[in-house]
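The opening residue of the sequence shown carries number 284 in my numbering; numbering runs sequentially from there. Here's the structure, in structure tokens; my notes come after.
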Amino acid sequence: MERTALDAIDEKIIAELTRNARLSHAELGQRVLLSRNAVRQRIERLERQGHIRGYTLVRGGPDDEELVSALVLVYRKDRLRGGEVLAALKRIPEVVICEVLSGEFDLMVRIEARSLERVRGIWEQIAQMPGVRDTVTALTLSRVVSRPRSG
């Protein structure tokens, strides 16, 4: 389906759903000054057109502050045939981002784990993978900017 431009109400709906995707159509309608049915129809259109591509769960609460985060830069032995490394990284739940890079490093892997010991264990697991030549690891000391992606 062809994507149409978003109007101000569509933008408000998306902003409200970004803050809380569990809002009922009635509650959302009150916030954007539309009927429940009009909100439902707009959301369905936004989904069909790809403006809304899914809903996700974001864990909240005090556990979030306890996460240890690290970036692992990975050198593979063979960039073109290193698919087994990518497949293995996909199976590690604490790997929240894995990107293929140009330049000196082959992969950038972001790990978020409950403890420094778990980060160390994952780093050891990555370093011992067949196909990995070397790694460089940096622990995150603090997060300065954390914003949701905008479309």
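Where a beta carbon is used, it is the ideal one built from N, C-alpha and C, also for glycine.
If you look at Val368, you'll find it in the alpha helix (DSSP H) that goes Gly366 to Lys373.
Beta-bridge annotation (DSSP): Leu329 is not paired with any residue. For the pair Ala353 and Thr301, the CB atoms are not nearer than the 8 Å cut-off.
Under the criterion of beta carbons closer than 8 Å, Val357 and Val402 do not qualify as touching, at roughly 15 Å.
Taking a contact as a CB-CB distance under 8 Å, the pair Gln332 and Arg286 counts as one, their CB atoms being some 5 Å apart. Rounded to whole angstroms, the Cβ separation of Ile297 and Val315 is 10 Å, and the two are not in contact under 8 Å.
Burial state of Leu372 is buried, judged by a 10 Å Cβ sphere holding 16 or more other Cβ atoms. Judged by beta-carbon spacing, Ile405 lies within the 8 Å limit of Glu377, meaning their Cβ atoms are closer than that value. Annotated as distal: Gly337 and Gly414, with beta-carbon spacing of 8 Å or more. Between Ser425 and the set Ser385, Lys360 and Val351, the nearest pair of CA atoms involves Val351.
Looking only at Ala321, Arg430 and Lys360, the smallest Cα-Cα distance to Gln411 is reached by Lys360. Cα atoms of Glu330 and Arg416: separation of roughly 43 Å, rounded to the nearest angstrom.
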